[in-house]
Amino acid sequence: QNDHFDRLSRARQILRYGDAPFRDFFDPGYLLTLQSSAAVQAVFGDNLLGDVLFETALIALGFALTFRLAVRASRSVPLGLAFAAFAVAAAPRLYDFDKVWFFALGLALCWRYIDRPTVGRAVLLGAGAAVGALFRYDTGVYLTCAAVVTILRCHWSQRAQRGTMSVRLAVYLGALGVVLLPFLVVVHLQAGLSTSVRQIAAYAQREGLRTGILRPPSFVGDLSGPLVVLRSPGGASVQVRWSPEVTP
């Protein structure tokens with residue numbers, strides 16, 4: 022019921038045995054999640070205290086940012102408290118700290134850009150999405166979609182602004198690439214980018230089958246005719262270590 026042990030064990034492999042994600046064990050795309058867990062294990066030792074403090078702090082920051090955004094949107098402190106309380110009541114698991122923090126942060130950065138669409142704020146948008154992607158790959162996808170829509174909405178309506186829009190998109194993508202590049206170089210030197218992409222794609226496909234996220238909703242089936250039902254393969258297991266070949 023709880024995947025936290027999986028991230029802790031991979032972080033321990035990094036810290037205690039010098040293993041590298043993608044090269045020595047299967048990494049579904051949680052590079053900095055594993056590295057941050059290894060870092061707090063290095064500081065606090067072989068216990069759960071470091072992870073609890075680190076993840077609780079980021080979840081609390083996410084709730085605080087949710088409160089701030091809700092107050093700004095509603096201009097009401099009671100409503101802001103109500104929305105923050107709703108987020109707390111959702112009771113996210115500690116290993117989902119990245120969702121609580123980065124989605125709220127991404128929304129806040131988009132809002133700041135809308136208020137004043139400057140080059141510096143476009144850079145912050147790109148950097149925020151890049152760091153989110155390094156903690157969990159799909160977080161970067163969601164934040165990038167939000168950021169691109171934000172930039173398009175700010176500049177598309179006025180023809181004179183479309184050149185600015187192109188520049189801002191380029192700045193955003195440049196900031197995204199600059200932050201990601203050092204990590205991509207390290208991953209390539211350790212395991213190869215093709216290996217990491219295959220692992221992330223395999224995980225995404227497996228999760229899509231398990232959760233049904235790739236399956237169209239029922240009303241689409243009613244409109245378009247029979248659907249192929251996707252089922253998760255039975256007996257799916259966690260692959261702890263990764264190797265391109267198995268030696269008898």
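In this note's numbering, the protein residues as written are 22 to 269.
Think of the CB as a built atom: it goes at the ideal place given N, C-alpha and C, for glycine as much as any other residue.
The beta-carbon separation of Gly83 and Ala91, rounded to 12 Å, does not stay under the 8 Å limit for a contact.
In this chain, the alpha helix (DSSP H) harbouring Trp122 covers Phe118 to Asp136. Going by C-alpha positions, Thr165 is about 21 Å away from Leu214. Sequence-distant partners of Gly71 (beyond 5 residues in either direction) whose C-beta falls short of 7 Å from its own C-beta, in its chain, are Val61, Gln62, Val64 and Phe65.
Under the three-state reduction of DSSP, Pro42 is assigned to strand.
Pairing Ile80 with Ser58, the inter-Cα distance amounts to about 15 Å. Taking all protein chains in view, the Cβ of Asp67 is surrounded by fewer than 16 other Cβ atoms within 10 Å, so the residue is classified as exposed.
In this structure, DSSP gives Ser97 a state outside helix and strand, which the three-state scheme calls coil. Rounded to the nearest angstrom, the gap between the Cα atoms of Asp48 and His209 is 14 Å.
Sequence-distant partners of Val192 (beyond 5 residues in either direction) whose C-beta falls short of 8 Å from its own C-beta, in its chain, are Val140, Ala143, Val144 and Gly147. Between the C-alpha atoms of Leu74 and Leu115 there is a straight-line separation of about 10 Å. Sorting Trp132, Val152 and Ala108 by C-alpha distance to the C-alpha of Leu202 places Val152 at the top. Between Phe43 and Thr216 a beta carbon distance of about 6 Å is seen, short of the 8 Å cut, so the two are scored as contacting. Comparing alpha carbon positions, the residue from Leu173, Ala125, Arg236 and Leu126 closest to Arg189 is Leu173.
Here Phe123 really is in contact with Phe156; their C-beta atoms are around 7 Å apart, less than 8 Å. By the criterion of a C-beta distance shorter than 6 Å, His25 is surrounded in its chain by Tyr116, once the five residues flanking it on both sides are discounted. For Arg236, no alpha helix (DSSP H) segment is defined, and its DSSP state is neither H nor E. In this structure, Leu205 keeps its C-beta atom at 7 Å or more from the C-beta atom of Ala150.
Cβ contact annotation for Tyr158 (same chain, cutoff 7 Å, sequence separation greater than five): Gly50 and Ile221, in chain order. Restricting attention to Leu130, Glu76 and Ile135, the CA atom closest to the CA of Val121 is found in Glu76. The closest CA to that of Trp132, considering only Ala167, Ala154 and Thr232, is found on Ala167. For the 7 Å CB-CB criterion, Ala41 and Gln226 do not form a contact.
Per DSSP, the continuous alpha helix (DSSP H) segment holding Ser57 begins and ends at Leu52 to Phe65. Distances from the alpha-carbon of Leu128 to those of Ala110, Phe118 and Leu86 put Leu86 closest.
Within a 10 Å sphere around the beta-carbon of Gln34 sit 16 or more other beta-carbons, which makes this residue buried. With distances taken between CA atoms, Asp119 lies nearest to Ala154 out of Ala154, Ala181, Gln182 and Gly229.
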